[in-house]
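Protein chains in written order, with my numbering: chain S, 111 to 363; chain H, 455 to 672.
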């Protein structure tokens, strides 16, 4: 079952073409990793999926519903209906590189914020569910703590709980471990791995190659705004056909 | 004199609150508005912050009243008598609004942008983002500046004495003039301002402690 589909996404910043033609289809339970060097366009592509960046061209379908676009006056496209965009965004949970938890809210308040104020869930129900999710990411005892008093790994696990709370159609991870100290990476990857195992649909921009190889159902290697190579992780990592990918992987090892 | 004090505090509070509303709107306009909005707001904050407050108060009060009455007469309406607390509040709010615009604009810029982006990413509307994320998140950055503004609002009410409002300073002057006990009355008035300031400081410290509970103190 198709959860998220993007077709021919293009994105330019002025004269700079960042994405030339990137497509992706995520079916239920797929874990798709986007890899590539910096400037390859992988984060921009991810941010086009929930329109944090306005794409220049292309189509996006979420849970079978196509996002309606119109010209935004800067040469890009903006969502034609803000209400539709908000509805779709609320089901595409994003986990950011720098966590972006709301600093004036405790952990549990962060988790229940979108369910209550965007999705209209009853408070008691949102809190019950939120506590269950915090328990799941190992932060139940930190539920009343403000983000600034938590480690990076704890904040990111909290951000994942916040993402799970909206019962997402698909989860978007934008380099979720890149801002973490090395010793904290493992605890976050462990949570993401568990989500992959339980069949969550996820799009993951990452620099953690061995992790991508292990959890992904599909890997896309982006270079210069195009998908240079795509396939099952064993093929992409074990037997790269493009020279650029071979070099990219070689430089990492 | 207590009546005068109450009147001063009422005007100060009204002007401060109205100024805050102007400030939030002004800050949002400066940060997110179009070119024309931004230029108009720049003009407003620059003029108000460079002209002495006393002059400004006279300008807004007399010129503003003339303008409004001119419009009213043109439409065949009765003239309004611009006396009393409401006029004082409006006049001071124009001054306060310019300063709060800058305080709040700075505070919004201090919020890590990712938090606002996260609000968008989770489907919050602009209004919901403002109410649930931007405004509460800017408080820790804005409160020191805003409590300063509140103190200034309180003392600026004294300038309204030139317009003949019966606020604390005006009342004191009258009482002192009648009884010739200048020293006693003005010391008493000074004491009242001092007391009000001290109470305000206490309150703003509490407020700040509450607003910064999510901020790690290193």
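Quick reminder that beta carbons are idealized off the backbone N, C-alpha and C, glycines included. None of the values given here were measured: they were computed from a predicted structure.
With at least 16 other beta carbons inside 10 angstroms of its own, residue 665 of chain H counts as buried.
Against chain H, the beta carbon of residue 280 of chain S has no neighbour under 9 Å; the closest one sits roughly 13 Å away. Residue contact with chain H for residue 357 of chain S: absent (no Cβ-Cβ distance below 9 Å to any residue of chain H). One finds 590, 591 and 668 in chain H with Cβ atoms closer than 7 Å to the Cβ of residue 214 of chain S, taken in chain order. Between the segment 610-628 of chain H and the segment 455-468 of chain H, the count of Cβ pairs shorter than 8 Å is three or higher; the stretches touch. Legend: CB atoms of the segment 547-577 of chain H lying less than 7 Å from CB atoms of chain S belong to residues 568, 569, 571, 572, 574, 575, 576 and 577. Residue 579 of chain H reaches chain S at 196, counting residues in chain order whose Cβ is nearer than 7 Å.
Under the Cβ criterion of 9 Å, residue 192 of chain S is counted among the residues facing chain H. Burial is judged here by how many other beta carbons sit within 10 angstroms of a residue's own beta carbon; residue 528 of chain H has fewer than 16 and is exposed. Under the 8 Å Cβ criterion, the segment 310-329 of chain S counts as touching the segment 130-147 of chain S, having at least three qualifying pairs. Scanning its chain for C-beta atoms nearer than 6 Å, with the 5 sequence neighbours on each side dropped, one finds around residue 201 of chain S the residues 278 and 279, in chain order.
DSSP places residue 666 of chain H in no beta strand (DSSP E); its state is neither H nor E. The beta-bridge partner set that DSSP reports for residue 160 of chain S is empty. Listed in chain order, the non-local C-beta contacts of residue 550 of chain H below 7 Å within the same chain comprise 469, 470, 473, 603 and 607, local neighbours out to five positions each way being set aside. Residues of chain S whose Cβ lies closer than 8 Å to the Cβ of residue 582 of chain H are, in chain order, 227 and 228.
What residue 492 of chain H touches in chain S, judged by beta-carbon distance under 9 Å, is nothing: the nearest beta carbon there is about 18 Å away. The Cβ of residue 586 of chain H sits closer than 9 Å to at least one Cβ of chain S. Residues 263 of the same chain have their beta carbon placed closer than 6 Å to that of residue 297 of chain S, with the five preceding and five following residues left out of the count. Pairing residue 489 of chain H with residue 348 of chain S, the inter-Cα distance amounts to about 54 Å. The three-state reading of DSSP puts residue 186 of chain S in coil, since its state is none of H, G, I, E or B.
According to the DSSP secondary-structure assignment, residue 150 of chain S is paired through a beta bridge with no residue. In the structure shown, the three-state DSSP call for residue 289 of chain S is coil.
When Cβ pairs closer than 8 Å are counted between the two stretches, the segment 175-183 of chain S is seen not to touch the segment 587-601 of chain H, the count staying below three. Using a Cβ-Cβ distance cut-off of 8 Å, the segment 569-584 of chain H and the segment 552-560 of chain H are not in contact, since fewer than three pairs of beta carbons, one from each stretch, lie closer than that value.
Annotation: the continuous beta strand (DSSP E) that includes residue 135 of chain S extends over 126-137. Shortest Cα-Cα distance from residue 236 of chain S to any of S:247, S:246 and S:221 involves S:221. A residue is called buried when at least 16 other Cβ atoms come within 10 angstroms of its Cβ; residue 156 of chain S meets this threshold and is buried. Counting C-beta atoms within 10 angstroms of its own C-beta, residue 257 of chain S has 16 or more neighbours from the protein chains shown and is therefore classed as buried. Look at residue 123 of chain S here: in three-state DSSP terms it is strand.
Within the DSSP secondary-structure output, residue 202 of chain S pairs in a beta bridge with S:280.
When DSSP assignments are scanned along the segment 205-248 of chain S, the uninterrupted stretches of alpha helix (DSSP H) that are 4 or more residues long and fall wholly within it turn out to be 217-227 and 233-246.
Within the same chain, 469 and 610 come within 6 Å of residue 546 of chain H by CB-CB distance, once the 5 residues on both sides are set aside.
Spanning the alpha carbons of residue 646 of chain H and residue 652 of chain H requires a straight line of approximately 10 Å.
It is roughly 40 Å from the alpha-carbon of residue 486 of chain H to the alpha-carbon of residue 340 of chain S. DSSP, read as helix, strand or coil, puts residue 117 of chain S in strand. Within 7 Å of the CB of residue 162 of chain S, the CB atoms of chain H belong to 571, 574 and 575, in sequence order along the chain.
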